[in-house]
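Since the structure comes first, as structure tokens, the remarks are kept for the end.
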Amino acid sequence: MSSRNRRNRIVLDEDETEAGPSRPTRRTALGNEGAGNVQKRRRRDEEESEASSNEGSVNQHSTIAEKAAQKLTTEELERKVKDVVRLALFSEHRKQPIKRDDIVKKVLHEHSRAFQVVFDKAQERLEDIFGMSLAELPKKSFSTGGIRKPVGNKDKTTKSYVLKNILPQEYRETDIISWEKNNEDIMGLLTIVLSLIHVNGRVLSDDQMTHYFRRLYLVNNDKFDLEKLLSTFVKQGYLDKQKTSRTDQSQNSEKEPLEYRWGPRAKIEMPESNLIKFIRAIFGQDAPPDLDKQVERSSGIDLT
Amino acid sequence: MNNEYTDAHRLFLQASLSERFFTEATAIELYNKAYEATDVQDPEAFTGFIATINTKLNTIDLEFRKSHEEETGTAVWALVNTNGDEIAKLATEYTPIEITYFRRLIELIVTAEDEAFSVSSILALKEASKLKPSISKSNGETLLQRFVDDKWLNKSRGGIYSLSQRTILELQHFLKEEFEDILLECTLCFDIVTKGQRCKVAQCKARFHHHCAHRYFDSRNDKACPTCKIDWDSNIIGDNGSSGSVSRIRKPNNRTMTRVTRRFQETEVGDNDNDNDEMNQDGDDGDDF
Numbered sequence: 001m002s003s004r005n006r007r008n009r010i011v012l013d014e015d016e017t018e019a020g021p022s023r024p025t026r027r028t029a030l031g032n033e034g035a036g037n038v039q040k041r042r043r044r045d046e047e048e049s050e051a052s053s054n055e056g057s058v059n060q061h062s063t064i065a066e067k068a069a070q071k072l073t074t075e076e077l078e079r080k081v082k083d084v085v086r087l088a089l090f091s092e093h094r095k096q097p098i099k100r101d102d103i104v105k106k107v108l109h110e111h112s113r114a115f116q117v118v119f120d121k122a123q124e125r126l127e128d129i130f131g132m133s134l135a136e137l138p139k140k141s142f143s144t145g146g147i148r149k150p151v152g153n154k155d156k157t158t159k160s161y162v163l164k165n166i167l168p169q170e171y172r173e174t175d176i177i178s179w180e181k182n183n184e185d186i187m188g189l190l191t192i193v194l195s196l197i198h199v200n201g202r203v204l205s206d207d208q209m210t211h212y213f214r215r216l217y218l219v220n221n222d223k224f225d226l227e228k229l230l231s232t233f234v235k236q237g238y239l240d241k242q243k244t245s246r247t248d249q250s251q252n253s254e255k256e257p258l259e260y261r262w263g264p265r266a267k268i269e270m271p272e273s274n275l276i277k278f279i280r281a282i283f284g285q286d287a288p289p290d291l292d293k294q295v296e297r298s299s300g301i302d303l304t
Numbered sequence: 305m306n307n308e309y310t311d312a313h314r315l316f317l318q319a320s321l322s323e324r325f326f327t328e329a330t331a332i333e334l335y336n337k338a339y340e341a342t343d344v345q346d347p348e349a350f351t352g353f354i355a356t357i358n359t360k361l362n363t364i365d366l367e368f369r370k371s372h373e374e375e376t377g378t379a380v381w382a383l384v385n386t387n388g389d390e391i392a393k394l395a396t397e398y399t400p401i402e403i404t405y406f407r408r409l410i411e412l413i414v415t416a417e418d419e420a421f422s423v424s425s426i427l428a429l430k431e432a433s434k435l436k437p438s439i440s441k442s443n444g445e446t447l448l449q450r451f452v453d454d455k456w457l458n459k460s461r462g463g464i465y466s467l468s469q470r471t472i473l474e475l476q477h478f479l480k481e482e483f484e485d486i487l488l489e490c491t492l493c494f495d496i497v498t499k500g501q502r503c504k505v506a507q508c509k510a511r512f513h514h515h516c517a518h519r520y521f522d523s524r525n526d527k528a529c530p531t532c533k534i535d536w537d538s539n540i541i542g543d544n545g546s547s548g549s550v551s552r553i554r555k556p557n558n559r560t561m562t563r564v565t566r567r568f569q570e571t572e573v574g575d576n577d578n579d580n581d582e583m584n585q586d587g588d589d590g591d592d593f
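Taken in sequence, the protein lines are chains A and B. Per the working numbering, numbering of the first sequence is gapless, rising by one per residue and ending at 304. Per the working numbering, numbering of the second sequence is gapless, rising by one per residue and ending at 593.
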């Protein structure tokens, strides 16, 4: 046992020394498309940090972070990078977004100014080891009438992140990544809910939701506690729930009228193209030839 | 030899993040699929593949470790956290009091008398009621079931809890630190053994997993203990009642075995009561289960 530990130790040390800012092996290791993705993501990140630092120029901003990071020894910096990576992984395991504040409180402590440097290095590590990266959750799209804001928008400053798979799309379509067995039907239900919201102009009232559930024979079904599931989805960021903003309500329930939209996590995890595939799979052979067009029309989002 | 870190490695890692504990057969299936999907040329052999991943994982204090299911000898892999820091505590979906309870259960299991390495549900639930704040019987039952479902504890048909292979693998560090003098190592494979066989000779230190013992004795004619050289005859380590493996080997009447276990466990409850007055009071409740 001790000999194994020693071996690991050595391996660890070797790796620490080579974990510099530039990792030449990474680029060659990735497929072409993968590298493209990373590039694109990097560029977007830069735009974001630009957008979030309105008070100063990007140069100043990064210099402050770099200066703060210089106060850390190489070992300290490495440790903090490692801790951010671990925090991201463990938070994801509980489906909790990782907040900037968490990183500062749990990892950086008095070195909060070094955030950008540590965060960027942690991103590199996540991309390298797992093919995943931290994506900032978009702001809640309250009363935008279903029109989805383009990614990278200026007011995108939730400072909350979730892990996102950045491996090329075609790898992900293999059945290798399966949800935990007991989660499979719950995730299936979630996909259905998201699809229904999507094709209804990206918003669904509480009553409409119940109506659909009834038609799917899900009401009074022993398998699902719908109320609880919906609130879990809201908590995990898959759904947004809010008091209804529309005036054309013809609701006759005494409950407060509520409506559901896609939550920030859904927007990160569920590309629209996948959703179309899902809807098409449900229709099977009965899928109308212009399904894509129909979905586009009913959701108000152009796929192409 | 090619040990480049590729998307096949990343895909394998992503796939194993949700399960974290699986048989080697599943691991090899994932490994094959990962190469198929990514179309990476010149694939590494499985062992090298895991070693390459571990080199990366070690930089963030994680590691794939191999072990064998104690009862069946099946090869299993777990993604193990090698660093018990504050941040890792977030990894569990359990509350602090639930974690405290789990620790107490481990202690009860590891310190069980006569190398039984198990705890009855009666005793386990009693322990829950002693916590501050205490956990009610029904909540305790739910929680115990969660530990079993999450593969942290094993439960035998007779309702006896023991350490799971996942716990032995993932909490190895903690176990060895806390219970250095009590834990037993298999004489043949040097892994922790909580279910297996020991030499009948009281002074002899020989301890085997069932699968290790089979492998050892099947290959030779003389059935002598490799440590004390006396003719091999074994006692059981672990839940010597109705757990699956034991009944498979010994083929006893299951119902009798359960009854024997229960009697055995009840005496154990009695023994422990001696050093705890609080427990004496509800000592009779045990019969209700």
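For glycine and all other residues, C-beta sits at the position ideal for the given N, C-alpha and C.
Contact with chain B by A:L226, beta-carbon distance below 8 Å: no
field: Beta-carbon contacts of B:I332 that lie in its chain and below 8 Å, excluding the five residues immediately before and after
entry: In chain order, F350 place their CB closer than 8 Å to the CB of B:I332, counting only its own chain and leaving out the 5 sequence neighbours on each side.
- request: Check the Cβ of A:N165 against every Cβ in chain B and list those closer than 8 Å, keeping chain order.
  value: Q318
field: Residue environment, A:P97, which counts as buried when at least 16 other CB atoms sit within 10 Å
entry: Buried, since its Cβ has 16 or more Cβ neighbours within 10 Å.
Backbone CA spacing between B:I438 and B:A432 [nearest angstrom]: The question names Ile, but residue 438 of chain B in the sequence shown is Ser. Their Cα atoms are separated by approximately 6 Å.
- prompt: If we ignore side chains and look at the alpha-carbon of each, how far apart do A:L116 and A:F224 end up?
  reply: For clarity, residue 116 of chain A is Gln in the given sequence; the question names Leu instead. Rounded to the nearest angstrom, the two C-alpha atoms are 43 Å apart.
- request: Can you tell me which of the three DSSP states A:Y217 falls into?
  value: Looking at A:Y217 - three-state DSSP - the assignment turns out to be coil, as it is neither helix nor strand.
- prompt: Can you tell me whether DSSP reads A:E46 as helix, strand or coil?
  reply: In this predicted model, A:E46 has a pLDDT of only 46, less than 50, meaning its place in the structure is not dependable enough to derive any value.
query: Under three-state DSSP, which class holds A:R27?
result: Only weak support exists for where A:R27 lies, its pLDDT of 37 falling under 50; the value from the coordinates is given anyway. The answer is helix: DSSP assigns A:R27 an H, G or I state.
- request: With distances taken Cα to Cα, identify the nearest neighbour of A:L239 among A:E227, A:P257, A:P264, A:V85.
  value: A:P264
- prompt: Is the shortest distance between the beta-carbon of A:F90 and the beta-carbons of chain B less than 8 Å?
  reply: Cβ-Cβ to chain B under 8 Å: yes for A:F90.
field: As assigned by DSSP and simplified to three states, the class of B:T351
entry: Helix, per DSSP.
task: Name the two residues that bound the continuous beta strand (DSSP E) containing B:K337.
output: Counting along the chain, B:K337 falls outside any beta strand (DSSP E), though it belongs to the alpha helix (DSSP H) covering 328 to 342.
- prompt: Taking Cβ to Cβ, would you say B:T498 is nearer than 8 Å to B:F421?
  reply: yes
DSSP three-state assignment for A:Q96, whether helix, strand or coil: coil
Range of the contiguous alpha helix (DSSP H) that encloses B:N362: No alpha helix (DSSP H) contains B:N362, which DSSP labels as neither H nor E.
- request: Output the boundary residues of the alpha helix (DSSP H) element that contains A:V193.
  value: Counted as a single uninterrupted DSSP element, the alpha helix (DSSP H) harbouring A:V193 occupies residues 184 to 199.
Neighbour-count burial assignment, A:Y171, 16 or more Cβ in a 10 Å radius: buried
- prompt: In its own chain, which residues sit with a C-beta less than 7 Å from the C-beta of B:G542, not counting the 5 before and 5 after it?
  reply: A420, F421, S422, S466, T498, K499, G500
- prompt: So is A:L171 in contact with chain B if we call contact Cβ pairs under 8 Å?
  reply: Contrary to the premise, residue 171 of chain A reads as Tyr rather than Leu in this sequence. With 8 Å as the cut-off, A:Y171 counts as an interface residue toward chain B.
message: Checking 8 Å against the spacing of the C-beta atoms, do A:V104 and A:L87 come in under that value?
response: no
- request: Compare the C-alpha of B:A338 against each of B:F406, B:D365, B:L317, B:L457 and name the closest.
  value: B:L317
message: By alpha-carbon positions, which one of A:I129, A:E259, A:S112, A:L89 ends up nearest to A:Q70?
response: A:S112
- prompt: Taking the DSSP output, what are the residues bridged to B:H372?
  reply: B:A379
- prompt: Roughly how many angstroms lie between the CA atoms of A:L328 and B:N362, to the nearest whole one?
  reply: Examination of residue 328 of chain A is not possible in this model, given that chain A is present from 1 through 304 alone.
query: Name the DSSP beta bridge partners of A:S160, please?
result: According to DSSP, which records beta bridges pairwise, A:S160 is partnered with A:K99.
- prompt: Shorter than 8 Å from the beta carbon of B:D365 to some beta carbon of chain A?
  reply: yes
query: So which residues of chain A does B:R450 contact, with C-beta pairs closer than 9 Å?
result: Neighbours of B:R450 on chain A: none; closest Cβ ~12 Å, over 9 Å.
query: Given B:P530, which residues of its chain have a CB within under 6 Å of its CB, disregarding the five upstream and five downstream residues?
result: none
message: Using C-beta distances below 8 Å, list every residue in its chain close to B:D522, excluding the 5 sequence neighbours before and after it, in chain order.
response: Excluding the 5 residues flanking it on each side, B:D522 has no same chain C-beta neighbour closer than 8 Å.
query: What in chain B is Cβ-close to A:K82, meaning under 8 Å?
result: T363, I364, D365
message: Taking the straight line between their C-alpha atoms, what separation do you get for A:R297 and A:P288?
response: The C-alpha of A:P288 is placed about 14 Å away from the C-alpha of A:R297.
task: Return no unless some Cβ of chain A is closer than 8 Å to the Cβ of B:K430.
output: no
query: Would you report the Cα separation of B:Y495 and B:Q476, rounded to the nearest angstrom?
result: Per the sequence shown, the amino acid found at residue 495 of chain B is Asp instead of Tyr. About 10 Å.
query: By a C-beta neighbour count over all protein chains shown, 10 Å radius and 16 as the cutoff for buried, is B:N307 buried or exposed?
result: exposed
- prompt: Is the CB of B:D543 under 8 Å away from at least one CB in chain A?
  reply: For B:D543, the closest Cβ of chain A is not nearer than 8 Å.
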